[in-house]
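Report on the following structure.
In full-length UniProt numbering, the protein residues as written are 1 to 154.
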């Protein structure tokens, strides 16, 4: 019985996340607007962003944001990185590669999106070689990814 329940839960979760993503893309019931210094604008549901980030939870729970539509300038994060973070919040998928892993790790760490930090660390572990382990160790130490740093040090 447990296995069939797990399957139903997975389908329900996937369908729910997909519906919320579609609502965000259509602007339905969005109560927040995240802006970046480079001109990016992202309509969001505050509760979705707060569900994956202590930064957004604190921001949207503060007196700054008492009900209604809330516009926030997210400093120090590019629109490219914030787009990936917003997608992660809704889909729990990180599109990480060699070309963006450090930028995403930096933004995810800054915004306390710990699920994405873990995904970035997992990616770095998957590409670690004797040639790049020192660089990966340094990155891991910078972002307090202790498990990755320990594995890179071996």
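Note that the Cβ used here is the ideal one computed from N, Cα and C, for glycine as well.
Under three-state DSSP, which class holds residue 104? helix
Exposure of residue 75, with buried meaning 16 or more beta-carbon neighbours within 10 Å: exposed
What's the C-alpha gap between residue 131 and residue 39? 38 Å
Are residue 107 and residue 85 closer than 8 Å when you measure CB to CB? yes
In three-state DSSP terms, what is residue 71? strand
Short CB-CB distance (under 8 Å) between residue 36 and chain C: The chain inventory of the structure shown lacks chain C, comprising one protein chain alone.
Which same chain residues, not among the five before or five after residue 56, have their C-beta less than 6 Å away from its C-beta? 49, 50
By a C-beta neighbour count over all protein chains shown, 10 Å radius and 16 as the cutoff for buried, is residue 136 buried or exposed? buried
Between the Cα of residue 240 and those of 44, 141, 70, 29, spot the shortest distance and give me the residue it belongs to. A query on residue 240 cannot be resolved here, the shown segment of the chain reaching from 1 to 154 and no further.
Using alpha carbons as the reference points, say which of 103, 112, 116, 102 lies closest to residue 91. 116
Tell me which same chain residues have a C-beta within less than 7 Å of the C-beta of residue 152, skipping the five on either side of it? 128, 133, 136, 137, 140
Using a Cβ-Cβ cut-off of 7 Å (strictly less than) and excluding sequence neighbours within five positions of residue 81, which residues of its own chain qualify? 103, 104, 107
Which listed residue (44, 112, 19, 27) has its alpha carbon closest to that of residue 35: 44
Mind checking which residues open and close the beta strand (DSSP E) that includes residue 34? 32–36
Tell me the rounded alpha-carbon separation between residue 69 and residue 42. 13 Å
Spell out the partners DSSP gives residue 117 in its beta bridges. In DSSP, residue 117 forms no bridge with anything.
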